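Quick note: the sequence shown uses my numbering, first residue 3, plus one each step.
These notes are about the structure you will find just below.
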Amino acid sequence: MIIFNKLAEFGRYCILMGRTFSRPERFRMYWKQYVKEMSSLGVDSIPIVLLISFFIGAVICIQMKLNIQSPWMPRWVSGYTTREIMLLEFSSSIMCLILAGKVGSNIASELGTMRVTQQIDALDIMGINSASYLILPKILGLLTLMPILVIFANAMGFMGAYATAYIGHILPPDDLTLGLQHSFNSWFVWMSIIKSEFFAFIIASVASFYGYSVNGGSVEVGKASTSAVVTSSVMILFTDVFLTRLLS
Numbered sequence: 003m004i005i006f007n008k009l010a011e012f013g014r015y016c017i018l019m020g021r022t023f024s025r026p027e028r029f030r031m032y033w034k035q036y037v038k039e040m041s042s043l044g045v046d047s048i049p050i051v052l053l054i055s056f057f058i059g060a061v062i063c064i065q066m067k068l069n070i071q072s073p074w075m076p077r078w079v080s081g082y083t084t085r086e087i088m089l090l091e092f093s094s095s096i097m098c099l100i101l102a103g104k105v106g107s108n109i110a111s112e113l114g115t116m117r118v119t120q121q122i123d124a125l126d127i128m129g130i131n132s133a134s135y136l137i138l139p140k141i142l143g144l145l146t147l148m149p150i151l152v153i154f155a156n157a158m159g160f161m162g163a164y165a166t167a168y169i170g171h172i173l174p175p176d177d178l179t180l181g182l183q184h185s186f187n188s189w190f191v192w193m194s195i196i197k198s199e200f201f202a203f204i205i206a207s208v209a210s211f212y213g214y215s216v217n218g219g220s221v222e223v224g225k226a227s228t229s230a231v232v233t234s235s236v237m238i239l240f241t242d243v244f245l246t247r248l249l250s
């Protein structure tokens, strides 16, 4: 029974996405919404991304130095492993899991409140494709800003690692720099950006689906926000396995 319910839910999701990606009636109206969503979903997420990335980069560097470094290994190993972890997993997968909690709950609660207060019904009555007008700018806005968030996350993670070198004296800065530069593969940067684009679509579309499909009162809005965060997080982890195997 649970499987059939999930299949029915997936079918409703696909139908909603079909309505979402229909041709807009007025591009100027959609452009204003697009800029607004870029600001609220992407730009407003920069502070928390920078803060978390800084401390995660510092913690990873400390852990690598204390648990991996040995007299049998080169001294730059800590910097090398820190770079690989930041590029391959944190800047895309872990960061998007964090954004699923912030951005996903925001989208679901916003659309859920609009559904409960009948604002979405009013748009439908006026002849506006409410799914496209409300959801498409959110998806495109998050897809546009996500590569910038990935680059900022990587940069702040490396700054956190250097903070442990200069302030905490965990390892010499020259060894950290040598490790960060050792056998650098630029494809890893592109791979993290590509993965984050898939994750951004999952976050925005799944959260929009749960918020748009709310039935009931304010209690259901809270449940929709929780379901959006949980489902998008599971989908990100599930997709990460296949993308990592496909892109590696």
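Cβ atoms here follow ideal geometry from the backbone N, Cα and C, with glycine treated the same way.
Small disclaimer: the values here were computed from a predicted structure and weren't measured.
What's the C-alpha gap between residue 33 and residue 139?
8 Å
Does the separation of the CB atoms of residue 233 and residue 216 fall below 8 Å?
Going by beta carbons, residue 233 and residue 216 fall outside the 8 Å limit.
Own chain, CB closer than 8 Å to residue 200, minus 5 neighbours either side, in chain order:
241 and 245
List in chain order: all unbroken alpha helix (DSSP H) runs of 4+ residues lying wholly within the region 53-131.
79-87, 97-101, 107-118 and 121-127
By how many angstroms is the C-alpha of residue 227 removed from the C-alpha of residue 104?
10 Å
Give a yes or no on whether the C-beta atoms belonging to residue 135 and residue 35 are separated by under 8 Å.
Closer than 8 Å, so yes.
Taking the alpha carbon of residue 55 as the point to measure from, which residue in 176, 225, 243 and 155 has its own alpha carbon closest?
155
How about residue 143 and residue 43: do their beta carbons lie closer than 8 Å?
Taking 8 Å as the cut-off, the Cβ atoms of residue 143 and residue 43 count as close.
Assuming residue 63 contacts residue 47 under a Cβ cut-off of 8 Å, what Cβ separation, rounded to an integer in Å, is found between them?
Not quite, the Cβ-Cβ distance comes to about 24 Å (not below 8 Å), so this is no contact.
When we look at the beta-carbon of residue 31 and count the other beta-carbons within 10 Å, is it buried (16 or more) or exposed?
exposed
Residue 95: which of 122, 243 and 59 sits nearest, CA to CA?
For residue 95, the nearest C-alpha among the options comes from 243.
Helix, strand or coil: which one does DSSP assign to residue 150?
helix
In three-state terms, what does DSSP make of residue 1?
In the structure displayed, the chain extends from 3 to 250; residue 1 sits before or after that span and is not available.
Short Cβ contact (8 Å threshold) for residue 211 with residue 82
no
Helix, strand or coil at residue 174 [DSSP, three-state]:
Secondary structure at residue 174: coil, using DSSP grouped into helix, strand and coil.
Roughly how many angstroms separate the alpha carbons of residue 115 and residue 109, rounded to a whole number?
Distance between the alpha carbons of residue 115 and residue 109: 10 Å.
Here's the rule: buried if 16 or more other CB atoms are within 10 angstroms of the residue's CB, otherwise exposed. What is residue 152?
buried
Taking the straight line between their C-alpha atoms, what separation do you get for residue 157 and residue 69?
Going from the Cα of residue 157 to the Cα of residue 69 covers about 24 Å.
Kindly give me the distance between the Cβ atoms of residue 107 and residue 148, rounded to whole angstroms, as I take these residues to be in contact under 8 Å.
With 8 Å as the limit, residue 107 and residue 148 do not qualify as a contact, their Cβ atoms being about 17 Å apart.
Count the other C-beta atoms from every protein chain shown that fall within 10 angstroms of the C-beta of residue 267, then say buried if there are 16 or more, exposed otherwise.
It is not possible to answer for residue 267, since the shown part of the chain is limited to 3 through 250.
Round the Cβ separation of residue 111 and residue 223 to the nearest angstrom and send it over; I've been treating them as touching at under 8 Å.
6 Å
Determine the burial state of residue 231: buried for a count of at least 16 other Cβ atoms within 10 Å of its Cβ, exposed for fewer.
It is buried - the Cβ of residue 231 has at least 16 other Cβ atoms within 10 Å.
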